[in-house]
Amino acid sequence: MSILAWIEDRRKQKLKSGLSQTTSNNSPSADNTQGLWTRCDSCGIILYIKHLKENQRVCFGCGYHLQMNSNERIENLIDSKSWRPLYETLSPCDPLDFKDQKAYPERLKEAQERTGLQDAVQTGTGLIDGIPIALGIMDFHFMGGSMGSVVGEKITRLIEYATKKGLTLIIISASGGARMQEGILSLMQMAKISGALHVHQSCANLLYISVLTSPTTGGVTASFAMLGDLIFAEPKALIGFAGRRVIEQTLQEQLPDNFQTAEYLLHHGLIDLIVPRSFLKQALSETLNFYKAAPFQIYGYIPTKLNFESSD
Ligand SMILES: [Zn+2]
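Using UniProt numbering, you'd call the opening residue of the sequence shown number 1 and step up by one each time.
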């Protein structure tokens, strides 16, 4: 059997088994833990997964940045043995008794078994070149990185922890948006996280760096992903709110080919910098070094506007 036929065969088997939950998860690159070979989503060349992992999942042929899971990101960004996870045990429930083709608890169980995570984000603290930070990493392999109550709660607690301890906050986004299975409870996470960020950034005067990876869309884009003091993105990352087809149908206009790419957003002033994955740690480290002596930082408790003013 040729490699191409083998990949095609595996893809069909996966579709039949119904393990995949979103269209994006059907791509071979999403299956990051099994098999030896995968195909580049951009140029289509066949890649040996072991070598691809060593190259931080950047295609050898065209430089396209394939999706990475949260464990690989921690390994690549955080100094060895310095990662301390926080709020690992928070796990989701099914408040709306939601069922589509499958019941929500069933989807959760499958995603938990496949990824080894409780929900679509990992939070914790660690060192980047010796500088302590609070880090949140969304994982697209868990139900398309969708944001439900647990994702929102973990990110909010992480922000509050960073505010109390005076840590710079870094969140790496990869998400299809709010989780429809939790309805309004997912949507309210947007406001909750934004509120915690306001305290971190504007009351405690601490730094928040948002790193956007492909894809960052929907409610995540419409809240914390775009609220960074500095917003970095990976090359050619898909970043947007509504999908291209929805916008084209609403506006009755043809959109440019590079619409909703990191390059398009940089050109229009929505993000600050495009950083290739191989330079991300260095870029973050240099930025952290630059900001670590920034004045007027207030921490040790969660300041509010009121006690911030009264402390003057
Ligand atoms: Zn490629």
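The beta carbon of each residue, even a glycine, is placed where N, CA and C say it ideally should be.
Nearest in C-alpha terms to Gln-112, of all of Ile-128, Leu-86, Met-143, Arg-84, is Met-143.
Exposed is the label assigned to Ile-184, since fewer than 16 other Cβ atoms lie within 10 Å of its Cβ.
Remark: three or more beta-carbon pairs, one from each stretch, lie closer than 8 Å, so the segment 33-47 and the segment 58-67 are flagged as touching. 8 Å or more divides the Cβ of Ala-196 from the Cβ of Ala-237.
For Phe-232, the beta-bridge partners assigned by DSSP are Val-211, Leu-273. In this structure, ligand 1 has no non-hydrogen atom nearer than 7 Å to the beta-carbon of Ser-214.
The set of residues with a C-beta under 6 Å from any non-hydrogen atom of ligand 1 comprises Cys-40, Ser-42, Cys-43, Ile-45, Cys-59, Gly-61, Cys-62, Tyr-64, given in chain order. Ile-239 carries a strand assignment under DSSP once its states are collapsed to helix, strand and coil. Secondary structure remark: continuous alpha helix (DSSP H) runs of at least 4 residues inside the segment 62-130, in chain order: 70-77, 104-115. Around the beta carbon of Gly-35, fewer than 16 other beta carbons sit within 10 angstroms, so the residue counts as exposed. In this structure, Leu-265 keeps its C-beta atom at 8 Å or more from the C-beta atom of Ile-170. Per the C-alpha coordinates, the member of Val-150, Gly-240, Arg-244 positioned closest to Asp-94 is Val-150.
As far as DSSP is concerned, Met-143 takes part in no beta bridge. Boundaries of the beta strand (DSSP E) harbouring Ala-174: 168-175, taken from the DSSP string. The beta-bridge partner set that DSSP reports for Thr-261 consists of Leu-238.
A distance below 8 Å between beta-carbons, with the five flanking residues on each side excluded, links Glu-286 to no residue of its chain. For Tyr-301, no beta strand (DSSP E) encloses it, and the DSSP letter there is neither H nor E.
The C-alpha of Arg-11 lies about 28 Å from the C-alpha of Asn-76.
By the neighbour-count criterion, in which a residue is buried when 16 or more other Cβ atoms sit within 10 angstroms of its Cβ, Glu-153 is buried.
In this model, Lys-164 and Asp-79 are separated by some 23 Å (Cα to Cα). Ser-186 is positioned such that its CB atom lies no closer than 8 Å to that of Val-211. Per the C-alpha coordinates, the member of Pro-295, Ile-193, Met-226, Gly-124 positioned closest to Thr-156 is Ile-193. In the structure shown, Leu-266 falls within a helical segment according to DSSP collapsed to helix, strand and coil.
Leu-117 and Ala-5 have their C-alpha atoms roughly 32 Å apart. In summary, Gly-243 is exposed, with fewer than 16 beta-carbon neighbours lying within 10 Å of its beta-carbon over all protein chains present. The beta carbons of Tyr-291 and Leu-167 sit about 12 Å from each other, so the pair does not count as a contact at 8 Å.
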